[in-house]
C-alpha cells in the first residue's frame, strides 16, 4: 500500500505574521504534484515547514506521514522517515567533503535508528554507489572530493541536490524551485534526473514558477497557492494555463485571497 | 628504585635552585649559564608581569611552589601517545618529567652526522655544535620571567642537529610526558638544520593521568640555515590540569622554509609566545594553528612574524574552536623591518564559538617600516551557522552530528595545509576525542 503525506488545515506564522492560512494537500507515493503561485504566496514556507525548519511557528493544523505526526519530529527524524527537501538555496559547508557529508546522510537515512558514532555504511560500497549516481546525472566524479557547495555554480548546486535525492531515495520529495536560476541545459539535466528517479515509491511536490521542469515530469495534480492557501487544484493543463496567462484569472476567481495578497503587499 | 627516589626541594627558591644544580653534575659552562639565568629570573620576579600581555590570561591561582623538578622520571608512567605508535620514524625520543627515557636514531642518519636525542647529554658531548645556538638565537633567557625561569631550570629536551645538505626522509618523533601531580617539565627543544638540510619533527606533549596537575615551562628553538627545510609539529595535549608556558621561536635564513604546525588541545592554561624570524632574503614560513578549548581552559597565543630581510614570505592561519566556558586569546603581529622590501605577510585567525559562555579575543596587528610590501591580516569570530545545521539535519544528521561535521569542516581548512598525513589523522582523532565522538 502506498504511503500518504497528508497536510491538513496547516497554519504557520513567522514573527507573529500568518503566512500559511489553512493549507490542505495530500500526496501519495508515486504521484507528481505541481505547486504554483505568485511570489510571496507561501510556497517555500510550506516546503520549509514540511522539512522542519525551526524558524516557523505552527499555529494550527497537522502534517502526517502514514499516520505519524510529522510536526512532532525534528528535521533529522523527518529525513529518516523519508521526507526530502531539495533546497532553493543550498547551503555551503566549507571543509566538509561532498562524499563525507553524503556518507553520513545515507548512513542515517538508511539506518534510521543510527546514533552518532555508530558505523557508517562501508566506504567501498558507498564510493561505488556515489560514483554511479554521479555519472547518471552527469556530475564529474571530482565533485565528491570538493567541499559541499563551496564555489559551486547555481547549476552545480542544484545538481548536487538531485544527487542527494537519488542517494537518499525518499518517500516524499519537495523540490523548491529546483529549476530557478538555471539555463535550459541545466534545467534539462535536472529534469531528466528527477524523471529517472521518480517511480511508484516516490511522491514529488514540485514548486516552480516555470513550466519547464513539468515538461519532463508531468504532474497528476497542479495546485495554485494564493495568500497562504491552496485556492485551486487541477491537472497538468492548469500549470500550462498559468504559465501562459499568469495569475490574473486566478485572482479574479478568488477575490478574497487576492485582496489579502494585495493588503500584505501594500503593507510591505 | 622507587623507594629511594628523592625529589629536589619543592619550588624554585634559591635553595631549590642550588639543590637542583647539585643534582645535575654539569660542566661549569652550563652551570654558569644557569646561574646567570637564575639572577635574571629573580630580577623579573621583582617586577610585575606586563599588564597588557597578562590581563587576558588569568594566573591568580597559579602557585609555582606546588611544582618541582623530579630528580628521576617515574618509571611506571604510560602515555597515550597519539603519534608514536602510528608510523615508522627515523628516530624517537621520549621524555618523562623532564628526563629522557628513550632515544633512538636510524643508523644511516647517525653515520651522516645527524644528532637526535637528549639535550642534557648531547649539549655536553657536542658542545662545539650546539653551544653557539642553545639559548642564543631563538629564545633568550633575559626576555621575560618565563624564559629566564626556563633557562635556569631546563631539565632536558629534544635535540635535532642535521648537518649541511643532509635530508632525513622519514619523520622524527618526540614525546614529552608528565607523570604525576606536582611534576614540572622544563624541556627545551633545539632543532638546528644547517644549510640545505631537511627534516620533519613531530612533537607531542601528554599527561599520564587525567587529573594530575603538572607544569611545563618550555622553550622551542628552530634554527634553519640557507635553503634548509623543516616541518615542525607540536601537539600540546596535556591534561586540563596542567599549566603550560612557552617561548617558541624559529629563525630562517635565505631561501629556507619553515612549516610550523601547532595543535593546542590540552592544558588548564597555556600561554605561548611563538616568534618566526625571517632573517635571510627569500626565507619563508608557514604557520598553522589548530586550537580547541573546552570547559574552563584558557589557551593564549602571542604570534609574531618578523620580516627582517627582503623578499620574505610568511603565512599564518590559526583556527580556534571554543566551547563551554573556555577562552582563547590570539594576538598576532607582523613586523616588517625597514629594508625588508617585497615582504609578503599574511595572518589570519578564525574562531568558531560553540557556547554562549565561551570567549575569544583575537587581536591582529601590523608594524611595517618598509614601503614596498604586501601584508594582509584578519580575524573572524562567529557561531555555528544555524542554516548549516538545518541543512545537515534535513539530510538525516542529528543536531550533534551536524555540529560535529561543521566543526571538523571548519578545522579541515587548516588541516589541508598540513602535508604530513599522520599529523592530519592525529589531529582529526584528537578533535573527535574533544568533541566526544572519538
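Protein chains in written order, with the numbering used here: chain A, 86 to 353; chain B, 238 to 675. Backbone N, C-alpha and C fix where the C-beta goes; we use that ideal spot for every residue, glycine too. This one's a predicted model, so the numbers in the text were calculated from it and none came from an experiment.
Beta-carbon separation (whole angstroms), residue i vs residue j, contact threshold 8 Å
{"i": "residue 317 of chain A", "j": "residue 309 of chain A", "result": "4 Å"}
{"i": "residue 304 of chain A", "j": "residue 627 of chain B", "result": "28 Å between Cβ atoms; not a contact."}
{"i": "residue 63 of chain A", "j": "residue 215 of chain A", "result": "Because residue 63 of chain A is not part of the residues shown, which for chain A are 86 to 353, the question remains open."}
{"i": "residue 491 of chain B", "j": "residue 533 of chain B", "result": "Actually they do not touch by this definition, with Cβ atoms about 45 Å apart."}
{"i": "residue 525 of chain B", "j": "residue 651 of chain B", "result": "5 Å"}
{"i": "residue 479 of chain B", "j": "residue 453 of chain B", "result": "6 Å"}
{"i": "residue 623 of chain B", "j": "residue 249 of chain A", "result": "The Cβ separation is near 20 Å, so there is no contact."}
{"i": "residue 370 of chain B", "j": "residue 429 of chain B", "result": "5 Å"}
For residue i, the first and last residue of its enclosing alpha helix (DSSP H)
{"i": "residue 483 of chain B", "result": "Careful: residue 483 of chain B lies outside any alpha helix (DSSP H), inside the beta strand (DSSP E) at 480 to 489."}
{"i": "residue 638 of chain B", "result": "636 to 652"}
{"i": "residue 155 of chain A", "result": "No alpha helix (DSSP H) contains residue 155 of chain A, which DSSP labels as neither H nor E."}
{"i": "residue 249 of chain A", "result": "239 to 253"}
{"i": "residue 663 of chain B", "result": "658 to 672"}
{"i": "residue 383 of chain B", "result": "382 to 390"}
{"i": "residue 264 of chain A", "result": "Counting along the chain, residue 264 of chain A falls outside any alpha helix (DSSP H), and DSSP gives it neither H nor E."}
{"i": "residue 265 of chain B", "result": "265 to 282"}
{"i": "residue 270 of chain A", "result": "269 to 282"}
{"i": "residue 165 of chain A", "result": "160 to 166"}
Span separating the alpha-carbon of residue i from that of residue j
{"i": "residue 283 of chain A", "j": "residue 113 of chain A", "result": "13 Å"}
{"i": "residue 522 of chain B", "j": "residue 595 of chain B", "result": "31 Å"}
{"i": "residue 231 of chain A", "j": "residue 461 of chain B", "result": "35 Å"}
{"i": "residue 512 of chain B", "j": "residue 296 of chain B", "result": "22 Å"}
{"i": "residue 515 of chain B", "j": "residue 549 of chain B", "result": "6 Å"}
{"i": "residue 261 of chain B", "j": "residue 388 of chain B", "result": "14 Å"}
{"i": "residue 502 of chain B", "j": "residue 481 of chain B", "result": "11 Å"}
{"i": "residue 348 of chain B", "j": "residue 664 of chain B", "result": "33 Å"}
{"i": "residue 345 of chain A", "j": "residue 121 of chain A", "result": "18 Å"}
{"i": "residue 348 of chain A", "j": "residue 100 of chain A", "result": "18 Å"}
{"i": "residue 151 of chain A", "j": "residue 321 of chain A", "result": "26 Å"}
{"i": "residue 639 of chain B", "j": "residue 672 of chain B", "result": "12 Å"}
{"i": "residue 658 of chain B", "j": "residue 403 of chain B", "result": "23 Å"}
{"i": "residue 50 of chain A", "j": "residue 590 of chain B", "result": "Summary: the structure shown does not reach residue 50 of chain A, with chain A confined to residues 86 through 353, and so no result is reported for it."}
{"i": "residue 243 of chain B", "j": "residue 475 of chain B", "result": "Residue confidence for residue 243 of chain B is low, a pLDDT of 45 falling below 50, so the modelled location carries little weight; the figure read from the coordinates is stated next. Straight-line Cα distance between these residues: approximately 25 Å."}
{"i": "residue 556 of chain B", "j": "residue 527 of chain B", "result": "5 Å"}
{"i": "residue 353 of chain B", "j": "residue 597 of chain B", "result": "38 Å"}
{"i": "residue 359 of chain B", "j": "residue 235 of chain A", "result": "50 Å"}
{"i": "residue 158 of chain A", "j": "residue 317 of chain B", "result": "41 Å"}
{"i": "residue 253 of chain B", "j": "residue 274 of chain B", "result": "15 Å"}
{"i": "residue 343 of chain B", "j": "residue 400 of chain B", "result": "15 Å"}
{"i": "residue 283 of chain B", "j": "residue 390 of chain B", "result": "18 Å"}
{"i": "residue 573 of chain B", "j": "residue 447 of chain B", "result": "43 Å"}
{"i": "residue 207 of chain A", "j": "residue 131 of chain A", "result": "36 Å"}
{"i": "residue 185 of chain A", "j": "residue 520 of chain B", "result": "37 Å"}
{"i": "residue 263 of chain A", "j": "residue 133 of chain A", "result": "14 Å"}
{"i": "residue 328 of chain A", "j": "residue 201 of chain A", "result": "46 Å"}
{"i": "residue 487 of chain B", "j": "residue 435 of chain B", "result": "15 Å"}
{"i": "residue 195 of chain A", "j": "residue 630 of chain B", "result": "14 Å"}
Listed by chain order, chain A residues near residue i by CB distance under 8 Å
{"i": "residue 642 of chain B", "result": "178, 181, 185, 186, 189"}
{"i": "residue 637 of chain B", "result": "201"}
{"i": "residue 674 of chain B", "result": "201, 202"}
{"i": "residue 500 of chain B", "result": "By Cβ distance, chain A contributes nothing, its closest Cβ being about 16 Å from residue 500 of chain B, past 8 Å."}
9 Å Cβ cut-off: residues of chain A touching residue i
{"i": "residue 649 of chain B", "result": "179, 180, 181, 182, 232"}
{"i": "residue 329 of chain B", "result": "By Cβ distance, chain A contributes nothing, its closest Cβ being about 31 Å from residue 329 of chain B, past 9 Å."}
{"i": "residue 493 of chain B", "result": "Here the premise fails: no neighbours, minimum Cβ distance about 30 Å."}
{"i": "residue 265 of chain B", "result": "Ordered by position in chain A, no residue passes the 9 Å Cβ test against residue 265 of chain B, which lies about 55 Å from the chain."}
Chain B residues whose Cβ lies nearer than 7 Å to that of residue i
{"i": "residue 170 of chain A", "result": "631"}
Per-residue contacts from residue i into chain B (C-beta, under 8 Å)
{"i": "residue 326 of chain A", "result": "None at all; the shortest Cβ gap to chain B is about 33 Å."}
Interface partners of residue i on chain A, CB under 7 Å
{"i": "residue 559 of chain B", "result": "The premise fails here: residue 559 of chain B is roughly 17 Å from chain A at the closest Cβ pair, so nothing lies under 7 Å."}
{"i": "residue 414 of chain B", "result": "Going along chain A, no residue has its Cβ under 7 Å from residue 414 of chain B, so there is no contact; the nearest lies around 28 Å."}
Start-to-end residues for the beta strand (DSSP E) that takes in residue i
{"i": "residue 102 of chain A", "result": "102 to 113"}
{"i": "residue 252 of chain B", "result": "Unbroken run through residue 252 of chain B is the alpha helix (DSSP H), 251 to 261; no beta strand (DSSP E)."}
{"i": "residue 516 of chain B", "result": "Counting along the chain, residue 516 of chain B falls outside any beta strand (DSSP E), and DSSP gives it neither H nor E."}
{"i": "residue 601 of chain B", "result": "596 to 605"}
{"i": "residue 570 of chain B", "result": "564 to 573"}
Anything in the segment 193 to 205 of chain A with a Cβ closer than 7 Å to a Cβ of chain B? List those residues in chain order, please. Within the segment 193 to 205 of chain A, the qualifying residues are 193, 194, 201, 202.
Could you list the residues in the segment 604 to 633 of chain B with a C-beta less than 7 Å from some C-beta on chain A, going in chain order? Near chain A, meaning a CB-to-CB distance below 7 Å, the residues of the segment 604 to 633 of chain B are 624, 625, 627, 628, 630, 631, 632, 633.
Where the segment 237 to 250 of chain A meets chain B: residues whose CB sits under 7 Å from a CB there: Taking 7 Å as the Cβ-Cβ cut-off against chain B, the residues of the segment 237 to 250 of chain A that qualify are 249.
Which of the residues in the segment 125 to 141 of chain A, read from start to end, lie with their CB under 8 Å from any CB of chain B? Flagged, chain order: 136, 137, 138, 139.
Could you run through the segment 514 to 528 of chain B and flag, in chain order, every residue whose CB is less than 9 Å away from some CB of chain A? Those would be none; no residue qualifies.
Which residues, taken in chain order from the segment 149 to 169 of chain A, show a beta carbon closer than 7 Å to some beta carbon of chain B? Listed in sequence order: 159, 160, 161, 164, 165.
Interfacial residues, the segment 440 to 455 of chain B to chain A, with Cβ spacing under 8 Å: Of all residues in the segment 440 to 455 of chain B, none has a C-beta nearer than 8 Å to a C-beta of chain A.
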